[in-house]
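Report on the structure given below.
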Amino acid sequence: MYEGITSLLNEAAKDDRVVVTALTGAKDFYSSGNDMASAIQYQSGENSSASKKTGVARVREMVSAFINYPKVLVAVVNGPAIGIAATILGLCDVVYASDKAYFHTPFTKLGLVAEGCSSYLFPRIMGISKASEMLYFGRQMCAHDAMECGLVSKVFPHAIFEKEVWPKLEELAEMPKESMFASKRLVRNRLKEDLHKANEEECKELEIRMQSEECMNAVIQFLSRKSKM
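All residue numbers for the sequence shown refer to my numbering, where the first residue is 49 and numbers rise by one.
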């Protein structure tokens, strides 16, 4: 998943035909997060340390692609966004959400840490108190609360979500593109150094956490609870 998104963003960045890039999910979910069953296999395997480092490198590269992306980036959140799918929204320019969407960051429950530059952006978007609830305690946030705190641009009724959002994106893509790109540079470029630094710090801590006994036990407990549901 990480490599695919990284490749698509890097290719679109160089394609002069691309003005607006939209990210959305399939069926009922925007993204259900990482496959924790695969994660536990990495943790228990002979080459687990190398696998974790490779996995973290993929996260780092994908987040860097978001930070560096020069075109307009819109998240079309059609359903629940879990884990990095929620935290990466701070790096999108616009976030449209269905009223059935919610945002969940269960990092602490899994013995992990925040990623996607959320440790830097969430406090600046929603304030330290709400950001702490999400990133420390895994508070689940509904679409309307996310709009009130600035993470989401607009919430649409789920029944008309697709019908409303895609024509709106087509309209945006017809606007003078160089003007939009210049405005994005003015808004985003001064943040880039801090965002890349946050990405590096998050990934270093993520690598440490993934190799910890606490993380191993937390993931095992998570999978055990899930199997009983």
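Just so it is clear, CB atoms sit at the ideal spot from N, CA and C, and this is done for glycine as well. Since we're looking at a predicted model, the values are computed, not measured.
If you draw a straight line from the Cα of T72 to the Cα of L160, it comes to about 25 angstroms. Using a Cβ distance threshold of 7 angstroms, A149 and S79 do not count as a contacting pair. A70 sits in a strand when the DSSP states are folded into three classes. A contact between stretches requires three or more CB pairs, one per stretch, nearer than 8 angstroms, and the region 220-240 fails this requirement with the region 189-202.
With fewer than 16 neighbouring CB atoms inside 10 Å of its own CB, D64 falls in the exposed class. Positions of the beta strand (DSSP E) runs, each at least 3 residues long and wholly inside the region 153-214, are given as 202-204 in order along the chain.
Ranked by Cα distance from F170, the options K216, S272 and A246 are led by A246. Between the region 265-274 and the region 110-124 there are fewer than three C-beta pairs closer than 8 angstroms, too few to call the two in contact. In the structure shown, S80 falls within a coil segment according to DSSP collapsed to helix, strand and coil. Sequence-distant partners of A162 (beyond 5 residues in either direction) whose C-beta falls short of 8 angstroms from its own C-beta, in its chain, are T135, T153, F155, F170, L183 and E250.
A Cβ-Cβ distance of about 7 angstroms is found for the pair C197 and I173, placing them in contact under the 8 angstroms criterion.
The three-state secondary structure of A105, taken from DSSP, is helix.
In the DSSP assignment, S146 falls within the beta strand (DSSP E) that extends over V142 to S146.
A129 sits in a strand when the DSSP states are folded into three classes. Pairing V107 with L220, the inter-Cα distance amounts to about 29 angstroms. A149 sits in coil when the DSSP states are folded into three classes, being neither helix nor strand. In this structure L121 is buried. Its beta-carbon is surrounded by 16 or more other beta-carbon atoms within 10 angstroms.
The beta carbons of F270 and L158 sit about 6 angstroms from each other, so the pair counts as a contact at 8 angstroms.
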